[in-house]
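*Asks:* Each residue of the sequence shown is one higher than the one before, counting from 1 in UniProt numbering.
In this text, a Cβ means the ideal position worked out from N, Cα and C, and glycines have one as well.
Below is one structure. I have some questions about it.
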Amino acid sequence: MSFDRILPAGILALGLAVLGGYAISQSSTPADAAEDGPGPNLVIEVDGQAKGTIVIDLFPDVAPQHVAQVTALAEQGAYDGVVFHRVIDGFMAQTGDVQYGKKGGDTSMAGMGGSSMADIPAEFSSVPFDRGVLGMARSQDPNSANSQFFIMTAPAPHLDGQYTAFGRVVSGMEVVDAIKKGDGGNGEVTDPDVMVKVTVQP
């Protein structure tokens with residue numbers, strides 16, 4: 001059975017249409033100056049076209065199971081070497097496929113895999129999908145989130161209440177903006193940037 005962890009194509013098409021007016025003003029949005037909350041923080045070292053560190057304040061009070069899953073995978077080192085396989089300019093950057101997304105291997109199926117951990121149920125909330133928000137990828141089944149996640153580079157209100165938001169970038173949004181964009185119709189990236197190291201800090 002195939003597990004497609006990417007955002008559904010229909011949602012993406014809608015997203016691209018809705019987001020057109022946001023791209024020109026994204027550098028001055030409040031998310032770029034977001035305050036660091038109680039954490040924990042997910043710290044992502046990026047290399048490739050983009051180089052630098054992204055710090056994401058996780059929201060265990062909003063989505064405890066998602067934070068626990070991603071934290072556990074990061075602590076296992078599962079995210080180290082995983083590529084940003086799908087990046088759409090003016091929308092989002094997606095990564096986290098620990099099964100098929102390791103740099104140096106065959107990443108042709110990146111976006112279709114998960115991890116050795118079980119899928120987790122949706123934890124939808126009122127947190128809006130603004131620029132800088134961290135969301136969990138899933139298939140058409142709302143309860144199919146596993147390891148893949150995406151970082152918003154522009155607001156996408158049509159995702160509100162449809163995907164689980166579980167963190168926000170507090171540092172390194174310029175690194176997110178610089179991540180190599182996809183050249184395919186669905187945002188697939190050739191020679192993608194990579195999460196060299198992913199750690200969790202209190």
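Taking buried to mean at least 16 other C-beta atoms within 10 Å of its own C-beta, is PRO155 buried or exposed?
*Replies:* As a first step, residue 155 must be located in the sequence shown, where it is residue number 155. By the 10 Å Cβ count, PRO155 comes out buried.
*Asks:* Going straight from the alpha carbon of ILE11 to that of GLY81, what length do you get?
*Replies:* The count along the sequence shown starts at 1 and reaches residue 11 at position 11. The count along the sequence shown starts at 1 and reaches residue 81 at position 81. Residue placement at ILE11 is flagged as unreliable, the pLDDT there being 38, under the threshold of 50; the coordinate-derived value follows with that caveat. Cα to Cα, ILE11 sits roughly 28 Å from GLY81.
*Asks:* Report the rounded CA-to-CA distance for MET117 versus GLY185, giving the unit in angstroms.
*Replies:* The residue you call residue 117 lines up with position 117 of the sequence shown. The residue you call residue 185 lines up with position 185 of the sequence shown. Cα to Cα, MET117 sits roughly 30 Å from GLY185.
*Asks:* Under 8 Å by Cβ, that's how I've got ILE120 and GLN69 pegged, so tell me the actual separation to the nearest angstrom.
*Replies:* As a first step, residue 120 is located in the sequence shown; it is residue number 120 there, counting from the start. As a first step, residue 69 is located in the sequence shown; it is residue number 69 there, counting from the start. 5 Å between Cβ atoms; contact.
*Asks:* Given a cut-off of 8 Å on the beta-carbon distance, is the pair VAL169 and ALA34 in contact?
*Replies:* Sequence index remark: in the sequence shown, residue 169 carries index 169 (1-based). Sequence index remark: in the sequence shown, residue 34 carries index 34 (1-based). Yes.
*Asks:* So THR95 packs on PHE166, CB below 8 Å; how close in whole Å?
*Replies:* Along the sequence shown, read from residue 1 onward, the residue named residue 95 stands at position 95. Along the sequence shown, read from residue 1 onward, the residue named residue 166 stands at position 166. Incorrect: roughly 15 Å between the Cβ atoms, too far for contact.
*Asks:* Kindly indicate which three-state DSSP category GLN140 falls into: helix, strand or coil?
*Replies:* As a position in the sequence shown, residue 140 is number 140, starting the count at 1. Three-state DSSP puts GLN140 in coil, outside helix and strand.
*Asks:* With C-beta atoms as the reference, is LYS180 less than 8 Å away from GLN49?
*Replies:* Taking the sequence shown and counting its residues from 1, one reaches residue 180 at position 180. Taking the sequence shown and counting its residues from 1, one reaches residue 49 at position 49. Contact flag set, yes.
*Asks:* Does any CB atom of chain B fall closer than 8 Å to the CB of GLU123?
*Replies:* Here there is only one protein chain, and chain B is not present.
*Asks:* Quick check on the DSSP output: the beta strand (DSSP E) that includes LEU42 runs from which residue to which?
*Replies:* Taking the first residue of the sequence shown as position 1, residue 42 is located at position 42. LEU42 -> beta strand (DSSP E) spans 41 to 47.
*Asks:* Specify, as a first and last residue, the run of the alpha helix (DSSP H) that THR71 falls within.
*Replies:* Your numbering for residue 71 matches position 71 in the sequence shown. Looking at the DSSP string, the run of the alpha helix (DSSP H) that includes THR71 is 64 to 76.
*Asks:* Relative to the C-alpha of ALA178, which residue among THR199, ILE151, TYR163 is closest?
*Replies:* Position 178 of the sequence shown holds residue 178. Here the closest residue by C-alpha is ILE151.
*Asks:* When the Cα atoms are used, what is the spatial distance from GLU174 to VAL67?
*Replies:* Reading the sequence shown from its first residue, position 174 is the one you call residue 174. Reading the sequence shown from its first residue, position 67 is the one you call residue 67. Approximately 23 Å between the Cα atoms of the pair.
*Asks:* State the start and end residues of the unbroken beta strand (DSSP E) segment that holds ALA165.
*Replies:* As a position in the sequence shown, residue 165 is number 165, starting the count at 1. Unbroken beta strand (DSSP E) run through ALA165: 165 to 171.
*Asks:* LEU58 to ARG131, Cα distance in whole Å?
*Replies:* Indexing the sequence shown from 1 puts residue 58 at position 58. Indexing the sequence shown from 1 puts residue 131 at position 131. Between LEU58 and ARG131, the C-alpha separation is close to 15 Å.
*Asks:* VAL189 by DSSP, collapsed to three states: which one?
*Replies:* Taking the sequence shown and counting its residues from 1, one reaches residue 189 at position 189. Reduced to three states, the DSSP call for VAL189 is coil.
*Asks:* Taking DSSP's pairing of strands, which residues face THR53 in a bridge?
*Replies:* Residue numbering aside, residue 53 sits at position 53 when the sequence shown is read from its first letter. For THR53, which the question treats as bridged, DSSP gives the partners GLU45.
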